[in-house]
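Since the structure comes first, as structure tokens, the remarks are kept for the end.
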Amino acid sequence: MVLTLDEIREKVRPICEAYKVKRLFLFGSYARGEATKESDVDFHIMLDEETTLLELGGLYVDLEDALQKEVDIVTQVPKEQEIFGKYMEKEEILLYEDQRERCAGSAEYSQAL
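The numbering of the sequence shown is the working numbering, which starts it at 1 and goes up by one.
Put into structure tokens, the structure is as follows:
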């Protein structure tokens with residue numbers, strides 16, 4: 001089954017809230033509109049600095065359970081893979097943003113002006 005962006009967004013929102021995800025981006029075949037029923041779902045996730053490895057594992061399992069698809073998670077792009085990071089950023093679609101992050105970003109932007 002190929003999921004729509006709205007279906008993915010709806011399924012990941014409560015999980016993101018439970019795990020205090022700051023931002024969740026979709027990239028890969030789903031973001032490009034090229035997904036097939038065999039496609040996995042690729043996420044770039046920005047987490048709270050205090051997130052533990054155990055919590056990250058729980059997030060991974062919960063995303064796979066909710067989507068009924070294999071999931072790949074990128075939390076940080078290593079320096080030696082900057083080219084991948086730049087490619088990924090070009091096709092990312094923001095699916096979730098913690099409202100506190102949005103407000104903090106607006107405040108930082110206002111202060112910069």
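Each residue gets a CB set at the ideal place from its N, CA and C atoms; glycine is no exception.
- Under DSSP, the beta-bridge partners assigned to Leu24 are Ile45, Tyr96.
- Contact between Tyr19 and Leu67 is absent: CB atoms are separated by about 15 Å, not below the 8 Å threshold.
- The criterion of a C-beta distance shorter than 7 Å is satisfied by Glu97 and Arg23.
- An exposed status is given to Val61, since fewer than 16 other beta-carbon atoms sit within 10 Å of its beta-carbon.
- In summary, Gly28 is buried, with 16 or more beta-carbon neighbours lying within 10 Å of its beta-carbon over all protein chains present.
- Here Asp40 is actually not in contact with Val21; their C-beta atoms are around 19 Å apart, not less than 8 Å.
- Residue range 53-67 is occupied by the alpha helix (DSSP H) that includes Val61, with no beta strand (DSSP E) assigned at that position.
- Under the 10 Å beta carbon count, Asp42 is surrounded by 16 or more other beta carbons and is classified as buried.
- According to the DSSP assignment, Val12 belongs to the alpha helix (DSSP H) that extends over 5-18.
- Listed in chain order, the non-local C-beta contacts of Asp48 below 6 Å within the same chain comprise Lys20, local neighbours out to five positions each way being set aside.
- Leu94 counts as exposed, since fewer than 16 other C-beta atoms from the protein chains shown sit within 10 angstroms of its C-beta.
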